[in-house]
Amino acid sequence: MDKSVHPRRACGACSLCCKLLPIAALEKPHDQWCAHCRPGAGGCTIYDSRPQTCRTFSCHWLADPAAGEHWAPLKARMVVQITGGHDAAFDRFVDVHVDRGAADAWRSKPYAADLRRLSADPRTLVRIFQSNRTFVVRPGEVLEVKRA
Ligand code: SF4
Ligand code: SF4
């Protein structure tokens, strides 16, 4: 979405956030391609007038040099979004949006170890959004939760 944040990384041919993330301004649900996206063929077709949400978004891999290369979205088939500051119980939300058909890579190496490490902070909530299922990763366990 925001194509130029990290000095060493770039979205390139990736548009996976335009599929996996919900965009309220477009009434676009999660895990469904945005109608304005041409993945691998130029990306956003309304780039100059795209919603503010799209203008400001950068996935974790793009924005954080500390994120491992295995989190590159086209490789992982997951997009990680980190947000914070809008819940009394948590300071930070780590949301992992899993591409349909990408199976359970988040449950195994190297992803599971990263998620366990992030979940060790009691003020961080790690959530997995996989098709119509939602999981919470906590130290030593993974819980499936009902979606609101
Ligand atoms: S998922 Fe990340 S790397 Fe891919 S297009 Fe979106 S911001 Fe760029
Ligand atoms: S409007 Fe553009 S940047 Fe936003 S989700 Fe759609 S294709 Fe992606």
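For what it's worth, the numbering used here labels the leading residue of the sequence shown as 22, then goes sequentially. Backbone N, C-alpha and C define an ideal beta-carbon position, used for all residues, glycine too.
Coil, strand or helix - residue i by DSSP
{"i": "Leu164", "result": "strand"}
{"i": "Ala73", "result": "Reading off the sequence shown, one finds Gln at residue 73, where the question assumed Ala. The answer is helix: DSSP assigns Gln73 an H, G or I state."}
{"i": "Arg154", "result": "strand"}
{"i": "Arg137", "result": "helix"}
{"i": "Arg159", "result": "strand"}
{"i": "Arg29", "result": "coil"}
{"i": "Gln94", "result": "Residue 94 is actually Pro in this sequence, not Gln. In this structure, Pro94 counts as helix in the three-state DSSP scheme."}
Whole-angstrom distance between residue j and residue i, CA atom to CA atom
{"i": "Arg4", "j": "Asp108", "result": "A query on residue 4 cannot be resolved here, the shown segment of the chain reaching from 22 to 169 and no further."}
{"i": "His118", "j": "Gln151", "result": "6 Å"}
{"i": "Val163", "j": "Ser140", "result": "10 Å"}
{"i": "Arg59", "j": "Thr77", "result": "20 Å"}
{"i": "Arg29", "j": "Phe111", "result": "31 Å"}
{"i": "Glu90", "j": "Trp82", "result": "7 Å"}
{"i": "Pro43", "j": "Cys75", "result": "11 Å"}
{"i": "Ser70", "j": "His57", "result": "11 Å"}
{"i": "Asp120", "j": "Met99", "result": "6 Å"}
{"i": "Ala13", "j": "Thr66", "result": "No statement about residue 13 is possible, as the shown extent of the chain runs from 22 to 169 and does not include it."}
{"i": "Gly161", "j": "Tyr68", "result": "42 Å"}
{"i": "Ala97", "j": "Asp116", "result": "14 Å"}
Boundaries of the beta strand (DSSP E) in which residue i is found, first to last residue
{"i": "His118", "result": "Arg113 to Val119"}
{"i": "Ile103", "result": "Met99 to Gly105"}
Residue interval of the alpha helix (DSSP H) (run including residue i)
{"i": "Leu83", "result": "His81 to Ala84"}
{"i": "Cys38", "result": "Cys38 to Leu41"}
For residue i, the residue or residues it bridges with in DSSP
{"i": "Ala49", "result": "Correcting the residue identity first, residue 49 is Lys in this sequence and not Ala. The partner list for Lys49 (beta bridge, DSSP) reads Ile44."}
{"i": "Thr145", "result": "Arg113"}
{"i": "Gly64", "result": "Arg59"}
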